[in-house]
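Student: Note that the protein sequences, when read in sequence, are chains A and B. Numbering (my numbering) for the first sequence: 284 to 851. Numbering (my numbering) for the second sequence: 284 to 851. Following this message is one structure expressed as structure tokens.
2 protein chains.
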Amino acid sequence: MTGAVTENAVRQLVDFRVTPPEYRHWRIDVDGQVATLTMDVDEQGGLQPGYELKLNSYDLGVDIELYDAVQRLRFCHPEVRVVVLTSGKEKVFSAGANIRMLAAAEHGQKVNFCKFTNETRNGIEDATASSGQIYLAAINGTASGGGYELALACEHLMLIDDRSSAVSLPELPLLGVLPGTGGLTRVVDKRHVRRDLADYFATRPEGVAGRKAVQWRLVDETVPRAQWQRLVAERAAELTARSARPTDASGIELTPLAKTRGAASAAGGEIGYQYVTARLDRAAACVHIEVRGPDQAAPADPAAIQQQGAAFWPLAVTRELDDLILDLRTNEPELGSWLLRTRGDPGLVLGYDDLLLNNAGHWLVNEIVHYLKRTLKRLDVTSRSMIALIEPGSCFAGSLLELALAADRSFQLLGVFTEQDPAAEPATITIGGMNLGPLPMSNGLTRLQTRFFGNEDQLAEVIRHLGSPLLADQAEQLGLVTFAPDDIDWDDEVRIAVEERASFSPDALTGLEANYRFAGPETMETKIFGRLTAWQNWIFNRPNAAGPDGALRRFGTGQRADFDRKRV
Amino acid sequence: MTGAVTENAVRQLVDFRVTPPEYRHWRIDVDGQVATLTMDVDEQGGLQPGYELKLNSYDLGVDIELYDAVQRLRFCHPEVRVVVLTSGKEKVFSAGANIRMLAAAEHGQKVNFCKFTNETRNGIEDATASSGQIYLAAINGTASGGGYELALACEHLMLIDDRSSAVSLPELPLLGVLPGTGGLTRVVDKRHVRRDLADYFATRPEGVAGRKAVQWRLVDETVPRAQWQRLVAERAAELTARSARPTDASGIELTPLAKTRGAASAAGGEIGYQYVTARLDRAAACVHIEVRGPDQAAPADPAAIQQQGAAFWPLAVTRELDDLILDLRTNEPELGSWLLRTRGDPGLVLGYDDLLLNNAGHWLVNEIVHYLKRTLKRLDVTSRSMIALIEPGSCFAGSLLELALAADRSFQLLGVFTEQDPAAEPATITIGGMNLGPLPMSNGLTRLQTRFFGNEDQLAEVIRHLGSPLLADQAEQLGLVTFAPDDIDWDDEVRIAVEERASFSPDALTGLEANYRFAGPETMETKIFGRLTAWQNWIFNRPNAAGPDGALRRFGTGQRADFDRKRV
């Protein structure tokens with residue numbers, strides 16, 4: 284325990300909050316309906332010492348800024364319909380993830396880094412698909428590895444044709460790892476590159492350029508340098524026509540997120556926001572997360588939402604939850620279980636949900652709902668055991684019920700805590716419209732559909748209870764919660780569940796949860812987080828990549844890797 | 284090299300050929316339309332020394348017999364409609380994979396073992412789905428881990444209700460690994476057990492029994508001991524009604540497979556069958572595989588097929604290929620690339636294909652086609668790079684064209700080898716009916732559909748060439764082969780491809796191929812080989828499981844595992 288605290292005290296916590304004036308690696312330029320997002324990585328701006336971010340290579344810090352930029356473009360710029368993603372360097376688009384950083388990173392850091400970069404790239408695709416903010420990759424120099432994978436997240440890929448710029452996935456031949464940030468999946472499943480050509484492509488460190496890159500579908504078009512500026516601008520202008528972003532709206536400001544993070548202590552400490560609090564319990568290896576409902580009724584209409592801006596409860600609570608997930612995932616890997624509680628008035632939550640559901644066509648409402656969707660998806664791929672605790676005073680209704688549905692298990696108290704508060708109202712949960720479509724998981728199904736996958740009758744029965752507060756016995760009967768212990772059993776049952784979880788192999792839990800959480804169909808997104816990521820994590824853990832003689836560690840030393848030749 | 288040869292010379296090669304009289308672990312009893320397959324593992328019958336196969340636990344040797352039994356039931360017993368899978372032990376159905384065997388196995392052995400057991404369980408499901416040979420698990424004692432996973436492959440699960448027998452997946456709490464033989468996937472995706480209940484179930488070493496096991500859908504019914512025999516027989520009799528197996532057909536004998544395997548040498552040696560030869564090249568780390576077409580025209584009708592029996596070319600070549608794949612995968616892990624050639628008359632191959640296609644309703648034809656389907660699926664999940672070499676004299680047509688479509692890359696010679704045989708006919712490939720449906724991959728698509736996933740126009744264009752022999756330039760143009768070098772470039776291009784492959788990280792290649800080969804939709808089968816297996820392989824490689832203080836290694840020592848608590 285002491286060791287962990289000391290380590291915690293000295294180590295630098297990663298902060299995911301950043302604002303454009305602080306950016307070291309990106310520029311946002313908005314010109315009417317077209318924004319340009321320029322990657323211009325500061326070589327000296329690495330998050331950790333020990334590596335230089337040459338050739339627009341990136342580390343977690345670079346990606347935190349990118350994530351922030353993508354979010355702000357959506358919320359602050361309703362007028363922007365096309366985002367041109369390009370490089371500020373000469374002849375280099377991006378060299379991908381920084382290799383020295385990766386080689387020096389612990390296994391868990393590598394995996395967490397890849398997960399976040401994957402989520403950001405999925406967010407770019409979501410902006411295109413759900414917000415009408417279409418990304419155009421203007422690949423004005425060589426895009427290698429993660430650099431090309433970043434471009435692959437864009438809707439339209441333009442590659443400069445200058446006899447030196449190419450796209451490539453050199454991870455396999457040079458580093459002995461996969462293009463693991465969605466590259467393999469997007470090449471065949473999104474770009475529809477033929478698998479044998481894709482195979483050849485991924486073994487050529489120099490990549491593919493010019494006409495062949497187009498023929499093989501690796502990019503959509505190549506453009507000679509002389510016509511580059513003009514054609515990129517033309518294509519961007521054309522793409523604006525595909526978008527239904529409003530022309531007369533004003534954006535909102537994503538004001539700085541107020542957050543307190545108490546000093547680490549042997550016990551744990553606390554992370555606090557306006558609507559979310561996390562109490563870290565190092566002894567029990569868990570985090571008590573409380574999400575609070577709104578303090579007052581929902582405003583009347585979108586105009587009022589716009590006026591409240593970042594203070595509007597659904598947006599505020601989503602931002603806080605998002606930041607907390609990222610913080611805990613990155614900074615607190617040893618706290619393996621998250622206990623999810625809510626507090627507040629279910630009616631108020633449902634009121635906000637209704638406001639959002641009734642104004643789904645409004646651009647800002649649309650952004651808020653999709654942001655909540657993405658944040659809940661982040662929970663689904665988080666390698667922590669999640670247990671929902673549904674107690675008197677909670678508000679697991681509609682959008683907040685998704686927290687319980689995302690959890691690996693849930694407990695709902697039958698009755699009340701008789702010693703604590705005998706007069707309390709017993710806890711209820713309520714299905715709302717938000718549970719029936721607007722917040723799908725990565726597999727394309729709602730959490731209810733996934734929960735009752737293959738049991739359509741049960742799902743139909745559940746939906747018949749739309750809007751009714753459900754007591755513990757009812758909720759258990761309907762299959763909406765796992766257990767419904769009463770006051771007498773509650774403490775023991777919850778304690779045992781948490782203790783047990785802490786006693787199991789953390790790796791096996793990660794594997795178990797990654798399999799159970801995604802029943803049913805798979806999509807490109809789930810393939811990236813399932814198949815691709817799992818294989819990459821395996822490779823990251825193998826001596827052939829990460830061992831002292833492995834390819835990742837030997838890269839740049841002039842020595843070839845020394846491989847165990849056995850195929851597994 | 285010398286090291287490898289020495290190791291090879293002393294190690295015992297695993298032989299997948301076995302016949303019922305040699306079985307040490309299984310009994311087949313056929314009684315009219317119902318067969319009983321009884322698992323009664325010989326404790327002393329392990330494939331390797333160092334462990335005892337107690338409690339019907341299994342190793343690769345036990346599973347080789349099971350695979351053989353499942354195959355023979357299909358081919359030798361057209362009358363059998365239901366297979367009752369049960370245990371010959373008192374109070375134990377099966378304890379799953381033997382833990383001491385697993386703990387002592389090298390990483391690659393673990394992975395290969397799990398792959399084969401997965402394939403056999405998929406084969407059981409395929410017998411139920413495609414052959415009308417319906418498996419009923421008569422769980423007459425505790426079924427733990429792989430024991431329960433074996434039962435999960437059956438269509439109907441009956442559990443004896445005797446206050447001690449239960450089903451369980453204790454891998455996570457006891458061993459720190461996953462139930463990796465399809466268990467996690469089948470529980471939620473096939474049995475439709477709710478994910479939170481599935482989570483709870485997989486953390487309870489003692490499992491679930493009685494009514495709860497039925498309510499949670501872990502089994503279909505429980506039966507008191509007194510009624511066990513009667514109700515199992517009754518249910519089996521009922522299930523026969525769901526099958527369309529013939530009542531008037533005779534089975535064929537799966538005669539012993541003639542095979543020569545030369546002594547291992549520094550150069551490599553050869554594995555030979557009637558229609559398949561494999562030349563091992565250790566220096567180049569590859570295997571030259573030649574598959575030969577039929578020597579004579581297809582017989583006239585199913586009666587003649589029946590008469591030829593195991594000598595019928597499609598069945599003979601499939602059995603040989605199947606055995607070769609298993610042999611090389613298990614015994615030759617360092618030979619990382621397989622070069623696939625064919626030799627023979629494409630017209631004769633298509634003639635056999637037509638015979639099969641025109642008699643698809645005949646039980647034996649049906650068995651042969653599904654067996655070829657399963658064998659090709661085995662190729663798809665084989666962790667070896669596959670390169671098809673299409674040369675003059677080859678017969679990549681219809682069913683044998685699938686070998687080229689399964690390959691990671693293909694080369695078709697443009698023209699002929701002018702020095703070798705200037706008068707030869709140039710190589711062609713031919714699309715046949717077998718390429719358009721009967722041989723789907725695990726993802727449910729044909730190899731052509733997967734190849735042109737998202738490019739429907741190209742696929743339609745390809746299908747317009749059904750039945751036409753395609754020369755190299757045409758085939759390349761249509762996207763059916765990767766490269767079409769001429770005589771002058773052929774040797775260099777092929778040599779470089781093979782050398783390059785041998786220089787890459789074997790692990791990264793495995794990951795690359797596992798991602799590229801399965802574009803498009805996912806099914807339970809692909810989820811098992813992709814998501815589930817990849818996570819399990821990762822866990823198998825982690826110190827928390829396989830390290831000296833890991834759970835797998837410490838099991839049975841009385842010492843608890845010492846876990847790195849960081850969640851990854």
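Note that the Cβ used here is the ideal one computed from N, Cα and C, for glycine as well. Source: prediction; values computed, not measured.
Assuming A/L795 contacts B/L742 under a Cβ cut-off of 8 angstroms, what Cβ separation, rounded to an integer in Å, is found between them?
Tutor: Not a contact, Cβ separation roughly 38 angstroms.
Student: Using a Cβ-Cβ cutoff of 8 angstroms, what residues of the region 592 to 617 of chain A are near chain B? List them in chain order.
Tutor: Answer in chain order: P616, E617.
Student: Contact between the region 346 to 365 of chain B and the region 642 to 651 of chain B: three or more CB pairs below 8 angstroms?
Tutor: Yes: at least three Cβ pairs fall under 8 angstroms.
Student: Cβ closer than 7 angstroms: which chain C residues qualify as neighbours of B/N798?
Tutor: No chain C is part of this structure, whose protein chains are labelled A and B.
Student: Take the Cβ of A/N291 as the centre, count every other Cβ of all protein chains shown within 10 Å, and call the residue buried at 16 or more, exposed below.
Tutor: Note that A/N291 scores 42 on pLDDT, short of 50, meaning its location in the model is unreliable and no value can be drawn from it.
Student: Find the nearest neighbour of A/A755 within the set A/F766, A/G555, A/G424, A/D479, judged by alpha-carbon distance.
Tutor: Looking at the Cα atoms, A/F766 is the closest of the given residues.
Student: For the beta strand (DSSP E) containing A/G613, name the first residue and the last one.
Tutor: Per the sequence shown, the amino acid found at residue 613 of chain A is Thr instead of Gly. A/T613 -> not in any beta strand (DSSP E); alpha helix (DSSP H) instead, spanning 596 to 614.
Student: Could you pull out every unbroken alpha helix (DSSP H) segment of at least 4 residues lying fully inside the region 412 to 460 of chain A, listed in chain order?
Tutor: Those alpha helix (DSSP H) runs which fall completely within the region 412 to 460 of chain A and span 4+ residues are 429 to 435.
Student: Taking only runs that begin and end inside the region 807 to 839 of chain A, name each unbroken beta strand (DSSP E) of 3 or more residues, in chain order.
Tutor: Listed in chain order, nothing qualifies, since the region 807 to 839 of chain A has no complete beta strand (DSSP E) run of 3 or more residues.
Student: Within 10 angstroms of the Cβ of A/A388, are there 16 or more other Cβ atoms? Answer buried if so, exposed if not.
Tutor: So A/A388 ends up on the buried side.
Student: Quick test of the definition: if touching needs 3 or more C-beta pairs under 8 angstroms, does the region 567 to 575 of chain B touch the region 519 to 535 of chain B?
Tutor: Judged by Cβ distances under 8 angstroms, the region 567 to 575 of chain B makes no contact with the region 519 to 535 of chain B, as fewer than three pairs qualify.
Student: Nearest to A/A524 by CA position, among A/P831, A/V365, A/K337, A/E305, is which residue?
Tutor: Nearest option by C-alpha distance: A/V365.
Student: Between which two residues does the beta strand (DSSP E) containing B/R562 stretch?
Tutor: 559 to 564 is the extent of the beta strand (DSSP E) around B/R562.
Student: Taking the CB atoms as reference points, tell me whether A/Y431 and B/D482 lie closer together than 7 angstroms.
Tutor: No, the pair does not count as a contact, with Cβ atoms beyond the cut-off.
Student: Please tell me whether B/I746 has its Cβ less than 7 angstroms away from any Cβ of chain A.
Tutor: Chain A contact via Cβ: absent.
Student: Going straight from the alpha carbon of B/A426 to that of B/S451, what length do you get?
Tutor: Rounded to whole angstroms, B/A426 to B/S451 spans 6 angstroms at the Cα level.
Student: With DSSP run on the structure shown, which of helix, strand or coil describes A/V363?
Tutor: Looking at A/V363 - three-state DSSP - the assignment turns out to be coil, as it is neither helix nor strand.
Student: Quick one: Cα of A/G424 to Cα of A/A434, how far?
Tutor: Using only the alpha carbons, I get a separation of about 12 angstroms.
Student: Contact between the region 384 to 401 of chain B and the region 629 to 646 of chain B: three or more CB pairs below 8 angstroms?
Tutor: Result no; under three Cβ-Cβ pairs closer than 8 angstroms.
Student: Residues of chain B with CB closer than 8 angstroms to the CB of A/L480, please, in chain order.
Tutor: What A/L480 touches in chain B: T765.
Student: I believe B/V559 touches B/V600 by the beta-carbon criterion, under 8 angstroms. Please report the beta-carbon distance rounded to the nearest angstrom.
Tutor: About 7 angstroms; that satisfies the 8 angstroms criterion.
Student: Where A/G716 and A/D636 are concerned, what is the direct C-alpha to C-alpha distance, given to the nearest angstrom?
Tutor: A/G716 and A/D636: Cα-Cα distance of roughly 8 angstroms.
Student: Could you tell me whether the Cβ of A/S788 comes closer than 7 angstroms to any Cβ of chain B?
Tutor: Closer than 7 angstroms to some Cβ of chain B, the Cβ of A/S788 qualifies, so yes.
Student: What is the DSSP secondary structure of A/P507, reduced to helix, strand or coil?
Tutor: If DSSP states are grouped into helix, strand and coil, A/P507 belongs with the strands.
Student: Pair every Cβ in the region 722 to 729 of chain A with every Cβ in the region 798 to 818 of chain A, then say whether three or more of these pairs are closer than 8 angstroms.
Tutor: Counting Cβ pairs under 8 angstroms, three or more are found: they touch.
Student: Could you tell me whether the Cβ atoms of A/E685 and A/L659 are closer together than 7 angstroms?
Tutor: Closer than 7 angstroms, so yes.
Student: Determine the burial state of A/Q819: buried for a count of at least 16 other Cβ atoms within 10 Å of its Cβ, exposed for fewer.
Tutor: Buried, because 16 or more other Cβ atoms sit within 10 Å of the Cβ of A/Q819.
Student: Could one say the Cβ of A/W511 lies closer than 7 angstroms to chain B's Cβ atoms, at least one of them?
Tutor: Output row for A/W511: interface = no.
Student: In the DSSP output, what is B/W309 paired with across the bridge?
Tutor: According to DSSP, B/W309 bridges with B/M322.
Student: Using CA atoms only, rank isn't needed, just tell me which of B/K656, B/Q331, B/D342 is closest to B/R730.
Tutor: That would be B/K656, whose Cα lies nearest to the Cα of B/R730.
Student: So A/T733 is in the alpha helix (DSSP H); what residue range does that whole segment cover?
Tutor: Note, A/T733: alpha helix (DSSP H), 730 to 734.
Student: On the DSSP bridge assignment, give the partners of B/S340 in chain order.
Tutor: Its beta-bridge partners are B/G379.
Student: Beta carbon of B/K337: closer than 6 angstroms to some heavy atom of the ligand SAH?
Tutor: Because no ligand of any kind appears in the structure shown, any question about the ligand SAH cannot be addressed here.
Student: If contacts are defined as beta-carbon pairs under 8 angstroms, then B/A828 and A/S788 qualify, I think. What distance do you get, rounded to the angstrom?
Tutor: Going by Cβ atoms, the distance from B/A828 to A/S788 rounds to 7 angstroms, so yes, they are a contact pair.
Student: Should A/H778 go down as buried or exposed, given a rule of 16 or more other Cβ atoms within 10 Å for buried?
Tutor: This sequence places Arg at residue 778 of chain A; His is not what is there. A/R778 should be labelled exposed.
Student: For chain B, is any of its Cβ atoms less than 7 angstroms away from the one on A/L455?
Tutor: Yes, A/L455 lies at the interface with chain B (some Cβ there is under 7 angstroms from its Cβ).
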